[in-house]
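Structure record follows, encoded as structure tokens.
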Amino acid sequence: MNSPAPTQVHFRTCNLCEAMCGVRIEVADGRITSIKGDAEDPFSRGHICPKAVALRDLHEDPDRLRHPMKRTASGWERVSWEDAFRDISQRLHDLQKEHGPNAVGAYLGNPNVHNLGAMMFGPMLLRALRSRNRFSATSVDQLPHQLAAHLMFGHQLLVPIPDIDRTRYMLVLGANPLASNGSLMTTPDVRARLRAIQERGGKVVVIDPRRTETATIADQHVFVRPGTDALALFSLLHVVLEGDAHRMGRLAAFVDGLDTVLPLVRDFPPERTAPHTGIAPEVLRGIARDFLAADGAVCYGRVGVSTQPFGSLCQWLINVLNIVTGNLDREGGALFTLPAFDLIGGPRAFGVSPGSHGRWKSRVRGLPESSGELPVAALAEEILTPGEGRIRALITLAGNPVLSTPNGTQLDTALGQLDFMVSVDPYLNETTRHAHYILPPASVLERGHYDLVFHVLAVRNTAKYSPPVFPAGPDSRQDWEILLELQHRLETLRKGRSVRALLQYQALKRMGPERILDLGLRMGPYGSRFHPLKKHGLSLAKLRAAPHGIDLGPMKPSLPGRLRHRSKRIQLAPELLVADVARLRAAFPDDAAPREGELLLIGRRHLRDNNSWMHNVPGLVKGRPRCTLMIHPDDASRIGLTDGVNATIRSRVGEVTVPVAVTADVMPGVVSLPHGYGHQRPGTRQQVASAHAGANINDLTDDRALDAVSGNAAFSGTPVQVRPA
């Protein structure tokens, strides 16, 4: 009788969201038999969410592509890697030679930031393209955060992180960390951490147009009309700074611009903004007083305040509130991390650009560049509009912009008109179905993993490396190998063969992400470069020897040294943002009132399926349908809708039909649809997702609605009409 196969245990970081939860994976006979939380992980402490088990499902998914595919007149055909690389590089080169470098665009999706190889080698390919037409999920998500950080602190990744484990008052705007597991605030087991605030006598307050999962457990929830958060923040600052007071403490020694901020906030007393925000003046004044009185308070805003016409103002004002109350760079307030692989203060070769704004503009609408990218809301028009500089070819890296960017129907049409398209992606989805080639990388469990970005955004300093669970197949390619090969071939076609280029290519191929990671760790703040006993400094070998990860301690005050401005001073009143206050005033004049009967559409996410690329996992989409239109009982009664019936929602750009969920969890005048659905388009190969198609909220959101400063998509507050289907 054969004995059972021995069980192998692997410890890994789940990379399906930002939380960096540690998982314990058991494997027997080449198959995963168990995925559980790693109780010894110093960061997540055994916590996982339902998404962790999807690591197995994604690895074993029969719909996942495992070989290069070429679209032909008779359908998709398997091709060799060599044939694919040769044809792709030649066609891209020929298009750029004939029409210029900007004729080829690139789009990077959300999964890239969860991928060590893509993070390290993706920028090299983009540089090789020499195109200004670069786009990413950044401008549908967090661009206002990064722009505010760049302007105020000197680096786009110097995003202040709430010290959730020590704060006594947490004010949350437009964020639902119980669904996102924290976002730009990497926080495993966020429910326990929020409850711990309350257990130590603190308070959690949520301001949001919807009573979210987070609002349900908060001490106080306040409804706010979508798109008016900047007014509410100005009013909070008005109360905090009454009498020109501030409590910056030691920050005052290196803050410039308070004299500019003070007269601005005087124009926004709570009584003046209340008709627009829907928040009673006494409520805002109470929040401001409690914030000031707390021994450690922090204001945190996320997607809901970024994806609106005044997103950059919101993120700026959140920072201002934390600064003028003395809660920036203090325990219990907002702090900056000191990650082991330091993308901000480390050697230039390992760092990320500190940021930029307006160095060039998009061809059609003149939208500004930010940190080397154009707003993705401009992608479709840059393909569809004839003329010199039109995008004729597109490379997509692990993204599905047809579902995740505004006016998805228009982009779907545009992609069908490209001369050439190539997608580095494991799925044939709503976007990649337009590609001429799909290059699928090895699975998530066939590659090593280290979170370069989320350690920069984490609520505690830790470090952890995850080796591959399974070896990649003989015909598989890692993401970084695909990107490096395309880069090398494009540069060879452009410049000709050279010994130097060949040696550089071979060196990078030998190094791979792991050796670059090792160098970055050694050169980082905990590495052997700075350690008096070099053998004790952090390195990849040290992380391999600590499979649960290494705790590097809580965040600590780091200013002014951590600032990246040459002056080492905080810019409290950047000109670009101060100038935008006039637009805010004009949008909400004193004599204007919200339109009677107007409905504003907002999005939402769910813990199980917070991105479109998780909808092909049976365990994450099972249960009651979640793609429903939340609507307040008063609005439902007025329109003639009842729970469970279908409603048709129409906006300027499109129309969808979905079931209704009548609930008082949204404020009157607001309706809500979840993000990531809309899997009904033909020509895809995602059986589970197609069976749970739902409706795409981005067939309603408007590519013309933007935050004018950053160019970020203004998803939140789209005017819509709703009627019985």
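Just so we're aligned, residue 1 is where the sequence shown starts under full-length UniProt numbering, counting upward by one. Where is the CB? At the ideal position from N, CA and C, for every residue including glycine.
Report task. Tell me TRP360's beta-bridge partners as DSSP assigns them. Result -> On the sequence shown, residue 360 is found 360 positions in, with the first residue counted as 1. Note: TRP360 is not bridge-paired with any residue in the DSSP secondary-structure output.
Requested in this report: Quick one: measure Cβ to Cβ for GLY519 and ALA340, integer angstroms, because I've assumed they're closer than 8 Å.
Outcome: Within the sequence shown, residue 519 is the residue found at index 519, counting from 1. Within the sequence shown, residue 340 is the residue found at index 340, counting from 1. Checking the displayed sequence, the identity of residue 519 turns out to be Leu instead of Gly. Not quite, the Cβ-Cβ distance comes to about 12 Å (not below 8 Å), so this is no contact.
Query raised in the report: When we look at the beta-carbon of GLU430 and count the other beta-carbons within 10 Å, is it buried (16 or more) or exposed?
Result: Within the sequence shown, residue 430 is the residue found at index 430, counting from 1. By the neighbour-count rule (16 or more Cβ atoms within 10 Å), GLU430 is buried.
Query - Element boundaries [beta strand (DSSP E), containing VAL261] - result: In the sequence shown, residue 261 corresponds to position 261, counting from 1. If you look at VAL261, you'll find it isn't in any beta strand (DSSP E); it sits in the alpha helix (DSSP H) that goes 258-266.
Report task. Indicate whether GLY296 and GLY333 have their beta-carbon atoms separated by less than 7 Å. Result -> The residue you call residue 296 lines up with position 296 of the sequence shown. The residue you call residue 333 lines up with position 333 of the sequence shown. Yes, the pair counts as a contact, with Cβ atoms nearer than the cut-off.
Report task. Between the Cα of TRP316 and those of GLN8, TRP81, LEU151, spot the shortest distance and give me the residue it belongs to. Result -> As a position in the sequence shown, residue 316 is number 316, starting the count at 1. Closest by alpha carbon: LEU151.
Requested in this report: Could you tell me how far apart the beta carbons of VAL722 and ILE631 are, in whole angstroms, since I believe they sit closer than 8 Å?
Outcome: As a position in the sequence shown, residue 722 is number 722, starting the count at 1. As a position in the sequence shown, residue 631 is number 631, starting the count at 1. About 7 Å; that satisfies the 8 Å criterion.
Query raised in the report: So what's PHE310 in DSSP terms, helix, strand or just coil?
Result: Numbered from 1 along the sequence shown, position 310 holds the residue referred to as residue 310. Collapsing the DSSP output to three states places PHE310 in coil.
Report task. Work out the CA separation of VAL581 and TYR465 for me, nearest whole Å. Result -> Against the sequence shown, residue 465 aligns to sequence position 465. Against the sequence shown, residue 581 aligns to sequence position 581. One C-alpha to the other measures close to 45 Å.
**Report entry** Outcome for ASP591 when other beta-carbon atoms lying within 10 angstroms are tallied against a minimum of 16
**Finding:** Walking along the sequence shown from the start, residue 591 turns up at place 591. With fewer than 16 neighbouring CB atoms inside 10 Å of its own CB, ASP591 falls in the exposed class.
Report task. State whether the stretch 404-415 contacts the stretch 696-716, with contact taken as three or more CB pairs (one from each stretch) at a distance under 8 Å. Result -> In short, these stretches touch, since the Cβ pair count reaches three.
**Report entry** For GLN8, three-class secondary structure by DSSP
**Finding:** In the sequence shown, residue 8 corresponds to position 8, counting from 1. Note: GLN8 maps to strand in three-state DSSP.
**Report entry** Sequence-distant residues of its chain with Cβ nearer than 7 Å to SER371 (five each side left out)
**Finding:** Reading the sequence shown from its first residue, position 371 is the one you call residue 371. Result list for SER371: GLN146, GLN156, SER353, GLY355, SER356, in chain order.
**Report entry** Ordered list of beta strand (DSSP E) runs contained in the stretch 600-674, each at least 3 residues
**Finding:** Runs found: 629-631, 646-650, 655-662, 670-674.
Requested in this report: Report yes if the C-beta distance between LEU328 and MET555 is below 7 Å; otherwise report no.
Outcome: On the sequence shown, residue 328 is found 328 positions in, with the first residue counted as 1. On the sequence shown, residue 555 is found 555 positions in, with the first residue counted as 1. Cβ atoms of LEU328 and MET555: not closer than 7 Å.
Query raised in the report: How would you call SER180, buried or exposed, if buried means at least 16 neighbouring beta carbons within 10 angstroms?
Result: The residue given as residue 180 occupies position 180 in the sequence shown. Buried.
Query raised in the report: What separation, rounded to the nearest whole angstrom, lies between the Cα atoms of ASN319 and PRO160?
Result: In the sequence shown, residue 319 corresponds to position 319, counting from 1. In the sequence shown, residue 160 corresponds to position 160, counting from 1. One alpha carbon belongs to ASN319, the other to PRO160, and they sit about 8 Å apart.
Query raised in the report: To which residues of the same chain is GLU40 closer than 6 Å at the C-beta, ignoring the five residues directly before and after it?
Result: Within the sequence shown, residue 40 is the residue found at index 40, counting from 1. Closer than 6 Å at Cβ, skipping near neighbours: HIS548.
**Report entry** Top-ranked residue by Cα proximity to VAL224, from VAL666, TYR677, GLN680
**Finding:** Counting from one through the sequence shown, the residue named residue 224 turns up at place 224. If we check each option's Cα against that of VAL224, VAL666 comes out closest.
Requested in this report: List the residues that DSSP assigns as beta-bridge partners of VAL240.
Outcome: The residue labelled residue 240 in the question sits at position 240 within the sequence shown. In the DSSP output, where bridge partners are listed per residue, VAL240 has none listed.
Query raised in the report: Hey, would you say SER139 sits closer than 7 Å to PRO309, going by beta carbons?
Result: Numbered from 1 along the sequence shown, position 139 holds the residue referred to as residue 139. Numbered from 1 along the sequence shown, position 309 holds the residue referred to as residue 309. If you check the CB distance, SER139 and PRO309 do not come in under 7 Å.
Report task. May I ask you to report which of helix, strand or coil DSSP gives LYS556? Result -> As a working mapping, residue 556 is identified with position 556 in the sequence shown. Three-state DSSP puts LYS556 in coil, outside helix and strand.
Query raised in the report: Using 8 Å as the threshold, is the stretch 469-476 in touch with the stretch 438-446, meaning 3 or more CB pairs across them?
Result: They touch, by the three-pair rule.
Query raised in the report: CA-CA distance, ALA84 and LYS70?
Result: To locate residue 84, count along the sequence shown from 1; it is residue 84. To locate residue 70, count along the sequence shown from 1; it is residue 70. When only Cα atoms are considered, ALA84 and LYS70 end up about 8 Å apart.
Query raised in the report: Taking the C-alpha atoms as reference points, what is the distance between THR648 and GLN142?
Result: By one-based count along the sequence shown, residue 648 stands at place 648. By one-based count along the sequence shown, residue 142 stands at place 142. Going from the Cα of THR648 to the Cα of GLN142 covers about 30 Å.
**Report entry** ARG566 versus PRO50, LEU236, GLY154, residue with shortest Cα-Cα distance
**Finding:** In the sequence shown, residue 566 corresponds to position 566, counting from 1. Taking ARG566 as reference, the option from PRO50, LEU236, GLY154 with the minimal CA-CA separation is GLY154.
Query raised in the report: Would you call the stretch 102-116 and the stretch 674-693 touching, i.e. three or more CB-CB distances under 8 Å?
Result: Between the stretch 102-116 and the stretch 674-693 there are fewer than three C-beta pairs closer than 8 Å, too few to call the two in contact.
Query raised in the report: So what's LEU486 in DSSP terms, helix, strand or just coil?
Result: Taking the first residue of the sequence shown as 1, we reach residue 486 at position 486. Three-state result, LEU486: helix.
Requested in this report: Kindly indicate the opening and closing residues of the beta strand (DSSP E) around GLY105.
Outcome: For the purposes of this step, residue 105 is identified with residue 105 of the sequence shown, where counting begins at 1. Looking at the DSSP string, the run of the beta strand (DSSP E) that includes GLY105 is 104-108.
Query raised in the report: Ends of the beta strand (DSSP E) at ARG134?
Result: Translated into the one-based positions of the sequence shown, residue 134 becomes position 134. Unbroken beta strand (DSSP E) run through ARG134: 134-136.
**Report entry** Secondary structure, alpha helix (DSSP H): runs of 4+ residues fully inside the stretch 179-204
**Finding:** Counting only runs of 4+ residues, the alpha helix (DSSP H) found wholly inside the stretch 179-204 occupies 190-199, in chain order.
Report task. Could you work out which residue in SER690, LEU552, GLY553 is closest to ASN616 when comparing CA atoms only? Result -> On the sequence shown, position 616 is the one that residue 616 refers to. Nearest of SER690, LEU552, GLY553 to ASN616, Cα basis: SER690.
Requested in this report: Enumerate in chain order the residues of its own chain whose CB-to-CB distance from VAL453 is below 6 Å, with the five nearest sequence positions on each side excluded.
Outcome: In the sequence shown, counting from the first residue as 1, residue 453 sits at position 453. If we look at VAL453 and ignore the five residues flanking it on each side, its Cβ neighbours are VAL113.
Query raised in the report: Which value, in whole angstroms, describes the spacing of the CA atoms of MET185 and GLY399?
Result: Here residue 185 refers to the residue found at position 185 of the sequence shown. Here residue 399 refers to the residue found at position 399 of the sequence shown. Using only the alpha carbons, I get a separation of about 22 Å.
Query raised in the report: Going straight from the alpha carbon of LEU552 to that of ALA196, what length do you get?
Result: The residue given as residue 552 occupies position 552 in the sequence shown. The residue given as residue 196 occupies position 196 in the sequence shown. Between LEU552 and ALA196, the C-alpha separation is close to 21 Å.
Query raised in the report: Considering only C-alpha positions, which residue in the set PRO557, ALA442, ARG266 is nearest to GLY326?
Result: By 1-based counting over the sequence shown, the position of residue 326 is 326. Scanning PRO557, ALA442, ARG266 for the CA closest to the CA of GLY326 turns up PRO557.
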